[in-house]
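In what follows, a structure is listed as structure tokens, so that the remarks can point back to it.
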Ligand code: SF4
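In this note's numbering, the protein residues as written are 8 to 335.
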């Protein structure tokens with residue numbers, strides 16, 4: 008690991024000033040992703056500003072009936088929060104499906120939003136990788152790409168976004184609150200992560216030195232009928248091959264509100280907005296769900312080893328919707 012300086016933040020404004028003042032400085036939350044990447048020399052920083060002393064660790068009700076989640080809230084705490092468990096169950100399920108209990112006790116909400124891909128060519132430090140080293144190429148395109156994305160890909164990168172939490176957040180229209188060198192921002196999570204395009208090294212809309220302070224979930228009574236389904240190679244401590252966060256509001260036997268978000272198959276947490284619209288006004292059931300799954304995977308671009316993900320994610324969508332439709 009490259010030597011670095013460490014300092015504890017004494018306030019959000021001071022932390023922003025410290026990080027924005029040095030091109031190689033960054034914020035340190037739980038460190039579960041960042042420290043790994045620094046040990047692998049994939050990321051090299053000269054200064055870590057530890058933000059865990061900042062008072063960003065609360066889960067509070069908002070005036071509009073939603074929830075404000077501080078950026079330093081640990082994944083385990085959020086998963087077991089009574090309000091989240093009852094009103095946004097897919098978020099709780101998504102969090103509990105990620106990593107291990109020890110990692111969830113350390114990982115923060117802000118860090119989870121900034122989680123980086125598990126593409127092995129990115130992490131090994133020596134393969135051509137446009138994300139790690141711009142314009143060096145992409146070893147995954149013609150390499151062993153079984154775990155890679157089929158949606159949102161470009162000629163320059165096909166890496167999946169690894170987060171489970173973000174898939175549920177995008178289904179619930181979460182908003183990311185930040186404090187940066189130019190002031191405060193509220194960023195809809197649909198706009199927060201970027202598809203790779205020709206700049207896969209740029210993964211979010213955050214500017215250097217912009218600190219995530221919270222995530223807000225709007226009031227969403229329909230979210231009580233939601234579910235996160237994750238399929239992976241082993242039962243725990245594994246990233247998704249395909250996952251879906253879905254929600255349904257059914258009134259008088261007809262779907263009034265629908266949410267379909269996907270993980271494990273796309274380069275960013277993926278909201279299947281057209282598929283959601285296709286469900287509205289329909290009766291919940293196999294024909295509607297199968298058509299939705301087809302629509303959610305429109306435009307897929309599989310490579311040599313990941314074509315199985317197309318059929319898999321369609322089945323995940325259908326099963327998740329069936330589960331929610333059967334909820335009392
Ligand atoms: Fe790098 Fe993306 Fe290609 Fe993986 S898929 S090697 S992260 S450019």
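Ideal Cβ placement from N, Cα and C applies to all residues, glycine included.
If I measure Cβ to Cβ from residue i and keep anything under 6 Å in the same chain, skipping five residues before and after, which residues do I get?
i           : result
residue 334 : 232
residue 184 : 193, 220 and 221
residue 225 : 73 and 180
residue 173 : 276
residue 285 : 299 and 302
residue 107 : 244
residue 205 : 163
residue 99  : 86, 91 and 92
residue 25  : 56
residue 195 : 182
residue 88  : 66
residue 125 : 169 and 246
residue 176 : 196
Give every residue of the same chain whose Cβ lies closer than 7 Å to the Cβ of residue i, excluding the five residues on either side of it in the sequence, and list them in chain order.
i           : result
residue 85  : 66, 76, 91, 102 and 116
residue 40  : 118, 122 and 123
residue 239 : 245, 246, 247 and 248
residue 304 : 317, 320 and 321
residue 11  : 52, 53, 54 and 55
residue 329 : 296
residue 143 : 135, 136 and 137
residue 148 : 165 and 310
residue 68  : 74
Helix, strand or coil for residue i per DSSP?
i           : result
residue 274 : coil
residue 246 : coil
residue 2   : Absent from the model: residue 2. The displayed extent of the chain is 8 to 335, so no value can be given.
residue 232 : coil
residue 26  : helix
residue 329 : helix
residue 251 : strand
residue 117 : helix
residue 237 : strand
residue 211 : strand
residue 173 : helix
residue 17  : coil
residue 61  : coil
residue 206 : coil
residue 154 : coil
residue 311 : coil
residue 109 : helix
residue 291 : coil
residue 302 : helix
residue 334 : coil
residue 92  : helix
residue 317 : helix
residue 226 : coil
residue 322 : helix
Pop quiz: residue i and residue j are said to be a contact at Cβ under 8 Å. What is the actual Cβ separation, rounded to whole angstroms?
i           : j           : result
residue 207 : residue 131 : About 16 Å; that fails the 8 Å criterion.
residue 253 : residue 298 : Not really, about 14 Å apart at Cβ, beyond 8 Å.
residue 250 : residue 202 : Contact doesn't hold; Cβ gap of about 18 Å is too wide.
residue 128 : residue 150 : 6 Å
residue 58  : residue 16  : 5 Å
residue 167 : residue 272 : 7 Å
residue 156 : residue 274 : 5 Å
residue 218 : residue 22  : 6 Å
residue 332 : residue 213 : That belief does not hold up - the Cβ atoms of residue 332 and residue 213 are roughly 37 Å apart, past 8 Å.
residue 267 : residue 223 : Actually they do not touch by this definition, with Cβ atoms about 22 Å apart.
residue 230 : residue 94  : 6 Å
residue 313 : residue 153 : 5 Å
residue 114 : residue 37  : 4 Å
residue 158 : residue 307 : 6 Å
According to DSSP, which residues form a beta bridge with residue i?
i           : result
residue 164 : 161
residue 54  : 12 and 32
residue 264 : 256
residue 193 : 184
residue 77  : 221
residue 269 : 251 and 277
residue 200 : 211
residue 145 : 136
Could you name the residues of the same chain whose beta carbon sits closer than 8 Å to that of residue i, not counting the 5 residues immediately before and after it, in chain order?
i           : result
residue 261 : 288, 289 and 290
residue 45  : 8, 9, 11, 51 and 52
residue 28  : 216
residue 171 : 101, 102, 104, 105, 235, 237, 247, 250 and 270
residue 139 : 49, 129, 132 and 208
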